[in-house]
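Just so we're aligned, residue 583 is where the sequence shown starts under the numbering used here, counting upward by one. Ideal placement from N, C-alpha and C gives every residue a C-beta, glycine not left out.
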Amino acid sequence: MRVLISSLLMAGSLLIGCTDSFEPDFEQESVMGFKPIYADGDQQLALESARAIELAGKIYAYQNLLFVNEVGKGVHIFDNTDPKNPTNLRFLSIPGNNDVAIKKGVMYADSYNDLLALEVTQDTVLLLKRIESVMGFSEEYPFENNSYFECVDPEKGKVVGWERTELEKPKCYRP
């Protein structure tokens, strides 16, 4: 038994020493990597004219209205007075939105990492409150490991995604 435990400890020690510790080369002129996409959530919140659903997400019914999430983009608002023939009324643009709920006339929606409380009428949308960084969404780093990326600049706003592109002398790397 003692020999087995000793052998396992020795094998584990050897395996730990076999890891490849890659050191990124930041002196390269040009490499493929990721560039952050920035957005300021407040300026993109808007009530727009009705449009076709491209990628439907969750559906929420409230009174005579039907709210259909457009994954990552916002919410389609339908008049559901006649459930067999709902009428597409408006589109509420909420960047990074995946879920909505309504209680006592207030719509609660996620926008990337923020929780929004909205008052929505036929012609207006009013942001009642924004609670920042509560939803667990994180875009601080590109989703792909072992990749170079342009360092995030908080002055430019929130990072809402990443695009693959050629980078000139990147300063950041995700192992």
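If you run the structure through DSSP and keep just helix, strand and coil, what is residue i?
i, result
"K666", "coil"
"K753", "coil"
"E748", "strand"
"E630", "strand"
Since residue i and residue j are thought to touch, with beta carbons under 8 Å apart, how far apart are those beta carbons, to the nearest angstrom?
i, j, result
"V613", "P752", "6 Å"
"G678", "G639", "About 12 Å; that fails the 8 Å criterion."
"E652", "L629", "Not quite, the Cβ-Cβ distance comes to about 14 Å (not below 8 Å), so this is no contact."
"E745", "F616", "7 Å"
"F673", "G656", "6 Å"
"P606", "Y730", "7 Å"
"F649", "I635", "F649 to I635, Cβ: 12 Å. No contact."
"L708", "L698", "The Cβ separation is near 11 Å, so there is no contact."
"D692", "N680", "6 Å"
Taking the beta strand (DSSP E) that residue i falls in, what are its first and last residues?
i, result
"S715", "Neither: S715 is in no beta strand (DSSP E) and is coded neither H nor E."
"V650", "L647 to E652"
"Y690", "V688 to S693"
"D735", "Note, D735: premise wrong, no beta strand (DSSP E); not H, not E."
"D681", "Segment: none, D681 is in no beta strand (DSSP E) and carries neither H nor E."
"K640", "A638 to Y644"
"E701", "D696 to V702"
"P606", "Neither: P606 is in no beta strand (DSSP E) and is coded neither H nor E."
"D705", "From DSSP, D705 is part of no beta strand (DSSP E); its letter is neither H nor E."
"Y620", "S612 to A621"
"F660", "G656 to D661"
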